[in-house]
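Report on the following structure.
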Amino acid sequence: MKVKRLWTYPLLFGIIGALLGLILRYAYTGSFSGFPFKNILHSHSHVMLLGFIFNALLVTVWSTFVIEIDKVTYRLFLILQGCVAIFLVAFILQGYAFYSILFSTVHLWGSYLLLLRFWRKLDANNKQQNLIKLGIVFHFLSSLGPYMLGPLMAMEMQNSPWYQQAIFFYLHFQYFGVFLAWMLAVLFHKAEIKLNKIQLLVFTVGLGFLFTHSLDFSFNHWSIQLFGSLGSLGLFGLLLRFVKQFSILKHSYKFLYLGILLIAFLNVLGSIPVIANLAVESRFILIAWLHLIFLGIYTPFIWLSLPKKVHPIIWFCYGLVLFGSEMGLLFPKFISNWTTIPIMWFLFFSYLGIFLCICLVHISTILKISKKNINLNSN
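The opening residue of the sequence shown carries number 594 in this note's numbering; numbering runs sequentially from there.
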């Protein structure tokens, strides 16, 4: 099975997830009445997290390290895609209910089997693949969060801080565990960086301690800032050591490395109580942070890994509208006064630009893959 053929699935889900995000942004303008906001939000977040980014990073790792995909692994991958398609619709129609929970669970169990098979195909002597293994470990660890939701509901603790923290636990060890580890595995492979045991330990412990930043949303204790500081400083210091190795790579990867350093540095700042409270108290700042990670780091990295090169004009337009959306979220009053456009409409048009860029990149890549498949079949 050729890995390039698998790109179609994450790219399609990326378009659908981005469309749901655009609809949400339009709903914020007040143009809908009786809009099922939470249902669409759940569908959007699950599809972007599992349908787009998880799939795309998995395919990227497969293709970078030339790992064989046998028939069983391929069928498991297709089962995961079917689950994403079903819970995409189920979340919209019913929110968190029987079918959305059922197929989210099947997806989780299916991912266990797929990643275990993936682990067995990794080279035990290749140190660069240790980060792939670490990402798989983080995937299993993150799933403890969803498993805690059932007992908490049974104890009628849905409104307790622990219920929210169980969700945060899963999310943290996905985007600051699985996703980051797999992305760095690919980048370090390109930069010919091999982490020694101490560096790998610093990276692992640092990501674990970073979870304490999520505790800021529910608790106020000095130990949260302490462990958050240790984790963020350890991660930032580790990444900073590789400036020389990344300086010899293409400019696109240099910019991506700088973006990763920015995220790591912002995590250091997030250990300061005054700054941490900004994200806790302002939903706009929280969304800006999440979009910086997903749209500013993971999406560009995925695009750099595609079998079709993204045109420089699209890169420029994407960067421009993403910057505009981040400024709108961080400085809504200033942007509204400067543009004389209501901030919700400004954000909608910014996300419309992001959506169009995603469509251009994903559709053009899908068409290229489809054309190659037709040519191969005809031969």
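Here a beta-carbon is modelled for each residue, glycine too, at the ideal position from N, C-alpha and C.
Buried versus exposed call for residue i [16 or more other C-beta atoms within 10 Å across all chains shown]
i: residue 630; result: exposed
i: residue 690; result: exposed
i: residue 824; result: buried
i: residue 816; result: exposed
i: residue 850; result: buried
i: residue 809; result: buried
i: residue 717; result: exposed
i: residue 624; result: exposed
i: residue 820; result: buried
i: residue 882; result: buried
i: residue 767; result: buried
i: residue 927; result: exposed
i: residue 600; result: buried
i: residue 753; result: exposed
i: residue 935; result: exposed
i: residue 812; result: exposed
i: residue 888; result: buried
i: residue 677; result: buried
i: residue 721; result: buried
i: residue 860; result: buried
i: residue 973; result: No answer is possible for residue 973: the residues shown for the chain start at 594 and end at 972.
i: residue 740; result: exposed
i: residue 954; result: buried
i: residue 841; result: exposed
i: residue 719; result: exposed
i: residue 885; result: buried
i: residue 729; result: buried
i: residue 870; result: exposed
i: residue 956; result: exposed
i: residue 751; result: exposed
i: residue 662; result: buried
C-beta atoms of residue i and residue j nearer than 7 Å
i: residue 640; j: residue 610; result: yes
i: residue 922; j: residue 958; result: no
i: residue 673; j: residue 703; result: yes
i: residue 680; j: residue 697; result: yes
i: residue 943; j: residue 918; result: yes
i: residue 941; j: residue 932; result: no
i: residue 929; j: residue 897; result: no
i: residue 778; j: residue 839; result: no
i: residue 657; j: residue 710; result: no
i: residue 638; j: residue 685; result: no
i: residue 695; j: residue 948; result: no
i: residue 776; j: residue 894; result: yes
i: residue 736; j: residue 701; result: yes
i: residue 786; j: residue 733; result: no
i: residue 608; j: residue 952; result: yes
i: residue 731; j: residue 770; result: yes
For residue j and residue i, believed in contact at Cβ under 8 Å, the rounded distance
i: residue 831; j: residue 774; result: Not really, about 13 Å apart at Cβ, beyond 8 Å.
i: residue 633; j: residue 605; result: Their Cβ separation, rounded to whole angstroms, is 18 Å, which puts residue 633 and residue 605 out of contact at 8 Å.
i: residue 796; j: residue 828; result: 7 Å
i: residue 891; j: residue 781; result: The Cβ separation is near 16 Å, so there is no contact.
i: residue 822; j: residue 765; result: Between residue 765 and residue 822 the Cβ distance is about 16 Å, and since that is not below 8 Å, they are no contact.
i: residue 705; j: residue 648; result: No, residue 705 and residue 648 are not in contact; Cβ-Cβ is about 16 Å, not under 8 Å.
Meets three-Cβ-pair contact criterion under 8 Å: the stretch 906-919 and the stretch 868-878
no
Whether or not the stretch 795-813 and the stretch 742-749 are in contact is what I'm after, with contact meaning three or more pairs of Cβ atoms, one per stretch, closer than 8 Å; do they touch?
no
Does the count of Cβ pairs from the stretch 617-631 and the stretch 641-654 closer than 8 Å reach three?
no
Taking contact to mean 3 or more Cβ pairs, one atom from each stretch, closer than 8 Å, check whether the stretch 649-659 and the stretch 596-614 are in contact.
yes
Quick check: the stretch 850-867 against the stretch 901-910, are at least 3 beta-carbon pairs closer than 8 Å?
no
For the stretch 753-763 and the stretch 779-792, state whether three or more C-beta atom pairs, one from each stretch, are separated by less than 8 Å.
no
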